[in-house]
Amino acid sequence: MDWYVLAAGCLVVGALIGFTGGVLGIGGGLLAIPLLGLLLGMEQQMAQGTALVMVLPAVLMTLRQYNRYSKLDIQAAVIGGMASMVFTWIGAQIALGLDPVLLRRIYAVFIFGISIFYFHQSTRKRRSRSAAAAPPSRHKGWFVLVGGLAGLTGGVFGVGGSVMVVPLLTTVLRYSQTGAQGLALSMIVPSTTVAILTYAWHGQVTWLAGLPLALGSIVMVPFGVKLAYALPEPRLKLIFACMLLVIMMLLLFKV
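Dropping the structure here:
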């Protein structure tokens with residue numbers, strides 16, 4: 224494939240992923256990884272490393288948009304982010320040592336479990352979005368645990384840290400869906416940076432695909448975030464669950 228064809232294709236795909244990531248608050252990497260494997264034939268580790276190039280600027284753009292609608296808990300984000308950095312490095316070392324097919328299968332199982340959780344959540348009574356601005360007070364030690372889990376998940380799978388964090392923030396710490404998505408994204412910015420450096424150091428990044436994906440993604444993120452705040456919360460959770468099932472099927476098809 225010629226480089227300009229690859230770059231143009233990744234630019235378009237990145238735009239679609241950025242819009243989706245803005246709606247769901249996941250940075251788009253969960254969708255990019257199986258697509259890189261299916262369309263470009265990348266092994267799991269290479270797909271994860273390349274997706275991270277797109278994820279970081281998309282997460283920053285998405286986070287900026289979420290903060291416009293609801294101010295973030297900066298202290299909680301810093302505590303969670305510091306914990307996630309340490310565990311991201313550990314998780315990345317684990318992932319780089321695994322067989323690519325085994326890693327992809329573990330990833331698919333993880334995605335399936337999260338999707339089932341969100342199907343259940345989408346059937347529950349809607350809570351007010353105002354909970355995002357003033358959730359119940361919690362000891363900051365919770366955010367060390369949450370950030371550590373996010374970092375370990377993001378390190379092993381390249382992305383997915385925010386997917387792990389959001390259910391904990393909504394169920395245990397009682398954030399709204401959009402409030403949890405914004406705080407989760409703020410926690411994974413430092414760990415995503417660590418993950419990119421780790422994967423790149425081991426030669427598991429294709430920059431020619433990753434950079435156009437990133438450019439296309441950040442253009443469409445604001446539109447996705449705007450739609451997220453316009454949707455009812457149960458519907459947002461249902462869309463999230465359906466998207467995760469699609470991702471799981473893409474992963475299993477690749478296997």
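Here our numbering is used: the first residue of the sequence shown is 224, the next is one more, and so on. The C-beta atom is built at its ideal place from N, Cα and C for all residues, glycine as well. Since this is a predicted model, take the numbers as computed values, not measurements.
Close CB contacts of V412 within its chain, under the 8 Å cut and outside five residues either way in sequence, are with L279, V282, L283, L286, G304 (chain order). Below 8 Å, enough C-beta pairs join the stretch 366 to 375 and the stretch 304 to 324 to call them touching: three or more.
Buried is the label assigned to V428, since at least 16 other Cβ atoms lie within 10 Å of its Cβ. Non-local beta-carbon contacts of F335 in its own chain, meaning distances under 7 Å to residues more than five positions away in sequence, involve M471 in chain order. In this model, R291 and G405 are separated by some 10 Å (Cα to Cα). Sixteen is the threshold: when 16 or more other Cβ atoms of the shown chains lie within 10 Å of the Cβ of R327, as they do, the residue is buried. Between the alpha carbons of Q298 and D225 lies a distance of about 47 Å. The stretch 407 to 426 and the stretch 234 to 247 do not touch, with fewer than three beta-carbon pairs separated by less than 8 Å. Residue environment: A306 is assigned as buried (16 or more neighbouring CB atoms within 10 Å of its CB, all protein chains considered). Under the DSSP assignment, V301 falls in the alpha helix (DSSP H) whose first and last residues are 297 to 319.
For Y398, there is no enclosing alpha helix (DSSP H), as DSSP marks it with neither H nor E.
The beta carbons of Q288 and V389 sit no closer together than 8 Å.
T243 and L263 have their C-alpha atoms spaced approximately 21 Å apart.
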